[in-house]
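For the sequence shown, the working numbering assigns the number 41 to the initial residue and increments by one for each residue that follows.
Just so you know, even glycine gets a beta-carbon here, dropped at the ideal spot from N, CA and C.
Input: a single structure, listed below in structure tokens.
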Amino acid sequence: MLELLAAAASADAPPAWIQWLPIIGMIAIFWFLIIRPQMKRQKEHQQKVAGLKKGDQVVTAGGLIGKVVKVTDDQVELELAQGVRVKAIKATIGDIIPPGGSAAND
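If you want it as structure tokens, here you go:
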């Protein structure tokens, strides 16, 4: 009798890999909907920042709008107003304002 119960219990149990399908599906959803687009945006931002040049108008992460006066390896010097210059870390540049336009995140 015990043999029949053991055989019936093992026949009803699904394979072990089926139990992992929901978890694998959730990971795939997170990858394609959250992680991958974020990595793409980060890569685009890094390319924008690497292409900064003198004369570009930028918006910092703090919301300051200024014109790039000088570019070094990891810093930019911004002119916020006539005679007002500040240094900013390149990574804090939020967006580059196209000539005659407004920033994309305004």
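Nearest to residue i (by Cα), restricted to the options the options
i	options	result
Gly-140	Ala-68, Ile-64 and Asp-96	Asp-96
Lys-93	Val-109, Pro-54 and Gly-123	Val-109
Arg-125	Gly-106, Gly-134 and Lys-80	Gly-106
Limits of the alpha helix (DSSP H) - the one that residue i falls within
i	result
Lys-80	76-90
Leu-61	56-70
Reduced DSSP category for residue i - H, G, I as helix; E, B as strand; rest coil
i	result
Asp-146	Note on Asp-146: pLDDT 46, under 50, position unreliable in the model; the coordinate value appears next. Three-state result, Asp-146: coil.
Asp-135	strand
Leu-73	helix
Lys-94	coil
Residue i and residue j closer than 8 Å at C-beta
i	j	result
Asp-114	Lys-130	yes
Ile-58	Lys-88	no
Gly-134	Ala-101	yes
Val-99	Leu-118	no
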